[in-house]
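To start, the structure under review is shown below, and the notes come after it.
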Amino acid sequence: MFRRSKDPLRHFVNSRVVIASAGHTWRGLLTGSDGTWILLESVEYVNEFGVTSPADGQLLLRADRVEYLQIIPHRFSEVV
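Here the working numbering is used: the first residue of the sequence shown is 2, the next is one more, and so on.
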């Protein structure tokens, strides 16, 4: 689905991320990015109080609508 590109996020595929987009916050596993779209799996919705709700399937977000992106280092991704 994603072609090889110069997208800087390609180095962080298979990393856990937190993304805010269009007023919503999501946490999940970055599985693809091509500069236009960001693909997440194992996604959780995080509300304004920090309460999470699991989402089914994959989430495809437009990269140009991302307001905030945080990459969680692998050494912290297993901490609950």
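Quick reminder that beta carbons are idealized off the backbone N, C-alpha and C, glycines included.
query: For I20 and Q71, the rounded distance between their alpha carbons; result: 7 Å
query: Of the listed residues V47, D8, V67, G33, nearest to N15 (C-alpha basis); result: G33
query: DSSP-derived helix/strand/coil call for A1; result: The requested residue 1 is not part of the displayed model; the chain covers only 2 to 81.
query: L10, buried or exposed, once every other Cβ within 10 Å from all chains shown has been counted against 16; result: buried
query: Close Cβ partners of D8 (< 7 Å) along its chain, the five nearest in sequence each way excluded; result: S34, D35, G36
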